[in-house]
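Residue numbers (my numbering), protein chains in the order written: chain A, 1 to 194; chain B, 1 to 194.
2 protein chains.
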Amino acid sequence: MKKEIAPRDKVFQTASRLFYQNGYRAVGVDTIAAESGIGKMTLYRHYPSKDDLIVAYLKDSDEIFWNGFEQITKDAPTAREKLLAFFESLQEYVNTPACYGCPFLNVATEYPETDYPGHQVAIEHKQSVRARFRHLAKEAGAKKPDVLADQLFLLMDGAYMASRMFGAKNPAAHLAEAAQVLIDSALQGRRTFR
Amino acid sequence: MKKEIAPRDKVFQTASRLFYQNGYRAVGVDTIAAESGIGKMTLYRHYPSKDDLIVAYLKDSDEIFWNGFEQITKDAPTAREKLLAFFESLQEYVNTPACYGCPFLNVATEYPETDYPGHQVAIEHKQSVRARFRHLAKEAGAKKPDVLADQLFLLMDGAYMASRMFGAKNPAAHLAEAAQVLIDSALQGRRTFR
DNA sequence: GTGTTACGATACAGACCTGTATCGCTCAGG
DNA sequence: CCTGAGCGATACAGGTCTGTATCGTAACAC
Numbered sequence: 001m002k003k004e005i006a007p008r009d010k011v012f013q014t015a016s017r018l019f020y021q022n023g024y025r026a027v028g029v030d031t032i033a034a035e036s037g038i039g040k041m042t043l044y045r046h047y048p049s050k051d052d053l054i055v056a057y058l059k060d061s062d063e064i065f066w067n068g069f070e071q072i073t074k075d076a077p078t079a080r081e082k083l084l085a086f087f088e089s090l091q092e093y094v095n096t097p098a099c100y101g102c103p104f105l106n107v108a109t110e111y112p113e114t115d116y117p118g119h120q121v122a123i124e125h126k127q128s129v130r131a132r133f134r135h136l137a138k139e140a141g142a143k144k145p146d147v148l149a150d151q152l153f154l155l156m157d158g159a160y161m162a163s164r165m166f167g168a169k170n171p172a173a174h175l176a177e178a179a180q181v182l183i184d185s186a187l188q189g190r191r192t193f194r
Numbered sequence: 001m002k003k004e005i006a007p008r009d010k011v012f013q014t015a016s017r018l019f020y021q022n023g024y025r026a027v028g029v030d031t032i033a034a035e036s037g038i039g040k041m042t043l044y045r046h047y048p049s050k051d052d053l054i055v056a057y058l059k060d061s062d063e064i065f066w067n068g069f070e071q072i073t074k075d076a077p078t079a080r081e082k083l084l085a086f087f088e089s090l091q092e093y094v095n096t097p098a099c100y101g102c103p104f105l106n107v108a109t110e111y112p113e114t115d116y117p118g119h120q121v122a123i124e125h126k127q128s129v130r131a132r133f134r135h136l137a138k139e140a141g142a143k144k145p146d147v148l149a150d151q152l153f154l155l156m157d158g159a160y161m162a163s164r165m166f167g168a169k170n171p172a173a174h175l176a177e178a179a180q181v182l183i184d185s186a187l188q189g190r191r192t193f194r
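See the structure below:
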C-alpha cells in the first residue's frame with residue numbers, strides 16, 4: 001500500500017487548493033512549491049509555466065464537475081427531476097465552508113481577456129453546462145428550452161458568486177426552490193409523462 | 001466654462017475604467033498614472049494607497065448604482081413593476097459592450113478575504129441591494145418576501161457574471177423573463193390592489 | 001516681486017513575481 | 001558497484017509591483 005503521493009500530484013493538489021481559495025493571481029509559484037514541500041524546479045519540470053498549472057486545474061475541475069453531475073442526476077427518473085436534483089445538490093454545496101465559488105467564474109474574472117488560456121477553458125466549460133441544461137430542458141418538455149436553460153444558468157452562477165461574496169451563509173439558501181419555479185413555469189401544461 | 005478636468009478626477013476616471021475592464025490586481029499604479037497623463041506623486045497625494053483608490057471607485061459605483069436604480073424605478077407605479085423595470089434595465093445593460101460584470105463581484109473574487117477593505121464595501125453594497133429587494137418584495141405582497149428577494153438576487157449576480165464570462169452576447173438575454181416568473185410565482189393569488 | 005502650493009517627470013528602494021541555473025543527495029536498474 | 005534520473009534546496013536574472021524621494025516649473029496668493 002503506497003501512502004506517499006508523487007511530487008507531481010502533491011504540487012497539483014496544493015495548487016488546486018490555493019488557486020480555489022485565494023485566487024489565481026494572488027498565489028505565486030514559490031508559495032505552491034513551499035506549501036507542497038516540493039522543489040521549485042520539480043514543479044517546473046511537470047508544469048512548464050504557471051498558466052499550464054492553471055489550465056490543468058481547470059480541466060480537472062471540469063472533470064470533477066461532470067462526474068458529480070452524473071452521480072447526482074443518475075437516479076432521477078425524469079429530466080425535470082435531474083435538473084431539480086442538480087440544483088438541490090448545488091444549493092447544499094454553496095452553503096458549505098468548502099465552497100469558494102466557481103473556479104471558472106473566478107478565472108474569467110481575474111483574466112478578463114477572452115483569449116487567455118484559462119478563460120478559454122472556462123468558456124468551454126460553461127457552454128457545456130448550458131448545452132446540458134438545454135438538452136434536459138428539451139427532454140423535460142419545456143416550451144422554450146433555450147430560455148429555461150439560460151435562466152437556470154444565471155441562477156447557478158449567481159449561487160456560486162453568493163458563496164464567494166458572503167461565505168457559507170449566503171442568499172443561495174433558496175436556490176433549488178427558485179429553480180423549481182422556473183422549471184415548472186416553463187413546463188406548464190405540458191409536463192412529459194415520466 | 002472650464003473644460004479641463006482636475007488631476008484628481010482624471011486619475012479617478014482612468015482608474016475606474018481600468019479597474020472595471022481589466023481587474024484590480026492586473027492594473028498597476030504606474031499604468032493609471034501614465035494612462036491618465038498625471039504624475040505618480042500627484043496620484044499618491046490624492047489617494048494615499050492603491051487600496052484607497054479601489055475603495056473610492058467602489059463607493060462611487062455604489063452611488064451610481066443607486067442613482068440608476070432610483071431613475072429606473074421611479075416611474076413604476078407598483079413594487080412589482082419597480083422590480084420588473086430594474087431587471088429589464090439590467091438585462092439591457094449586461095448585453096451591452098460597456099458591461100464588464102459587477103465591480104463588487106469582481107473585487108470579492110480578486111480579494112476573497114472578507115476583511116479586505118474593498119471586499120467589505122462590496123458586501124455592504126450587496127446587502128443593501130438584498131434589503132431593497134426584500135422591501136419591494138414585501139411591498140408587492142409576496143408570500144415569502146425574503147425568499148423572493150434572494151432568488152432575484154441570485155439572478156442579478158448570475159447575469160453580471162454571464163457578461164464578464166461571455167461578453168455582450170451572453171445567456172442573460174432572458175433575465176427579465178426569469179425575474180417575472182419568480183415574482184409572479186411568489187405573488188400568486190395575493191397580488192396587491194395597485 | 002516673492003513665497004507657496006500643486007504638479008509632472010524621474011529615479012529609487014524594497015518587495016515580490018516568473019522562470020532558470022546549479023549543486024548535492026537519494027535511490028533504482030543493471 | 002556504478003550510473004543516471006528524479007528530486008530538494010538555493011541562488012539568481014530580469015521584470016513588475018507599491019510607495020517614496022527629489023528636482024524643476026508653472027500658477028497663484030499676497
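Note that CB positions come from ideal geometry on N, CA and C, so glycine has one too.
Taken in chain order, the members of the stretch 176-191 of chain B whose beta-carbon sits within less than 7 Å of a beta-carbon on chain A are 177, 178, 181, 182 and 185. Two segments are said to touch when three or more pairs of C-beta atoms, one from each, lie closer than 8 Å; by this definition the stretch 75-94 of chain A does not touch the stretch 23-32 of chain A. Secondary structure at residue 4 of chain A: coil, using DSSP grouped into helix, strand and coil. In this model, residue 77 of chain A and residue 187 of chain A are separated by some 16 Å (Cα to Cα).
With a beta-carbon spacing of about 5 Å, residue 163 of chain A and residue 101 of chain A fall inside the 8 Å limit used to define contacts. Proximity of the stretch 50-70 of chain B to the stretch 149-158 of chain B falls short of the contact definition, fewer than three beta-carbon pairs being nearer than 8 Å.
When the beta-carbon positions are compared, residue 6 of chain A and residue 53 of chain A stay at least 9 Å from each other.
For residue 134 of chain A, same chain residues with a beta-carbon under 7 Å away, outside a window of 5 residues either side, are 145, 146 and 149 in chain order.
Classified as buried, residue 112 of chain A has 16 or more neighbouring CB atoms from the shown chains inside 10 Å of its CB.
Looking only at A/19, A/29 and A/110, the smallest Cα-Cα distance to residue 165 of chain B is reached by A/110.
Shown here for residue 126 of chain A: same chain residues with a beta carbon closer than 7 Å to its own, the five before and five after excluded, namely 104 in chain order. Taking the Cβ atoms as the reference, residue 37 of chain A lies roughly 7 Å from residue 10 of chain A, within the contact range of under 8 Å. Contact annotation: residue 83 of chain A and residue 181 of chain B have beta-carbon atoms that are not nearer than 9 Å. The criterion of a C-beta distance shorter than 9 Å is not satisfied by residue 175 of chain B and residue 178 of chain A. The three-state reading of DSSP puts residue 25 of chain A in coil, since its state is none of H, G, I, E or B. Residues 8 of the same chain have their beta carbon placed closer than 6 Å to that of residue 46 of chain B, with the five preceding and five following residues left out of the count. For residue 171 of chain B against residue 132 of chain A, the beta-carbon gap comes to about 13 Å, at or over 8 Å, which does not count as contact.
The beta carbon of residue 54 of chain B sits no closer than 9 Å to any beta carbon of chain A. Using a Cβ-Cβ cut-off of 9 Å, residue 157 of chain A counts as an interface residue toward chain B, since at least one Cβ of chain B sits closer than that to its own. Using a 10 angstroms sphere on the CB of residue 108 of chain B, the tally of other CB atoms reaches 16 or more, which defines it as buried. Residue contact with chain B for residue 167 of chain A: present (Cβ-Cβ distance below 9 Å to some residue of chain B).
For residue 110 of chain B, the closest Cβ of chain A is nearer than 9 Å.
Residue-level contact by beta carbon fails for residue 41 of chain B and chain A, as no gap is shorter than 9 Å.
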